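Residue numbers (my numbering): 15 to 230.
Here is the structure we will look at.
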Ligand code: AMP
């Protein structure tokens, strides 16, 4: 199983799809956002609150520690990294250093207004990582504020507001979107429409993974 990177605008479904892929193929889900959220450094918290990017060297250091854990030996899903072409270069250096083969890149396509609604309405379960949305009927929890799966109280991320969304989206367009061309040129980018529903997106991702695994 190859490692899988996701490149996508905010809230295009990287987190949700990562969990589905992780469960189906038994490989870990690594989110640099989650690794950074665990940091107690107030400067990191401030940067994340604004939606700007944390220093690459610091992020790579956290990522390296995570990739060295034995559960990554059979592949992993990387969600939220790289976010810039410079980070893509840093990632290639890291793969070289750790002797990990290059994986595939899944690009989730979603328009800006849907991205905004998914951010503003998002509620998450910190216990089991389930994701809900109060602005989409089919994504509301059965009981307001409570996780359907584990019964924990749902929370909102501090950076899930309209102002931070605009900032994150413009960073995405300027810094992250160029990665799509970068990986297309390398021949490892696969596009999926993420605006239909979760099942559709997950089926397309499974087709891609199946096709790639068949080739190897
Ligand atoms: P996410 O959970 O992927 O939406 O990331 C939340 C926030 O964490 C981002 O807005 C950034 O502030 C920070 N972050 C996550 N991944 C990276 C990364 N690869 N490089 C720099 N900052 C990151």
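Virtual Cβ for every residue (Gly too), placed ideally from N, Cα, C.
If you're wondering where the values come from, they're calculated on a predicted model, not measured in any experiment.
Inspect the beta-carbon positions of residue i and residue j and report whether they are closer than 7 Å.
i, j, result
"residue 44", "residue 90", "yes"
"residue 92", "residue 49", "no"
"residue 135", "residue 149", "yes"
"residue 8", "residue 33", "The first residue shown for the chain is 15 and the last is 230, placing residue 8 beyond what the model contains."
"residue 102", "residue 196", "yes"
"residue 27", "residue 215", "yes"
"residue 171", "residue 25", "no"
"residue 146", "residue 156", "no"
"residue 123", "residue 207", "yes"
"residue 65", "residue 178", "yes"
"residue 108", "residue 78", "yes"
As a quick exercise: from the options, pick the residue whose alpha carbon is nearest that of residue i.
i, options, result
"residue 63", "196, 209 and 174", "174"
"residue 97", "21, 54 and 219", "21"
"residue 88", "108, 41 and 107", "41"
"residue 169", "137, 157, 56 and 73", "137"
"residue 55", "219, 72 and 218", "72"
Residues in its own chain within less than 7 Å of residue i by CB, not counting five upstream and five downstream?
i, result
"residue 192", "99"
"residue 35", "18, 91 and 219"
"residue 252", "Only positions 15 to 230 of the chain appear in this structure, which leaves residue 252 out of reach."
Excluding the 5 residues preceding and the 5 following residue i in the sequence, name in chain order all residues of the same chain whose CB lies nearer than 6 Å to its CB.
i, result
"residue 128", "209"
"residue 186", "23"
Is the closest heavy atom of the ligand AMP to the C-beta of residue i under 6 Å?
i, result
"residue 97", "yes"
"residue 47", "yes"
"residue 232", "Residue 232 lies beyond the residue range present for the chain, which begins at 15 and ends at 230; the question has no answer from this structure."
"residue 68", "yes"
"residue 167", "no"
"residue 65", "yes"
"residue 108", "no"
"residue 94", "yes"
"residue 81", "no"
"residue 19", "no"
Flag residue i as yes if its beta-carbon sits less than 7 Å from any beta-carbon of chain D, otherwise no.
i, result
"residue 172", "No chain D appears in this structure, which consists of one protein chain only."
Near residue i, what residues of its chain come up, given a Cβ to Cβ distance below 8 Å and the 5 sequence neighbours on each side ignored?
i, result
"residue 161", "139, 141, 142, 144, 146, 155, 167 and 168"
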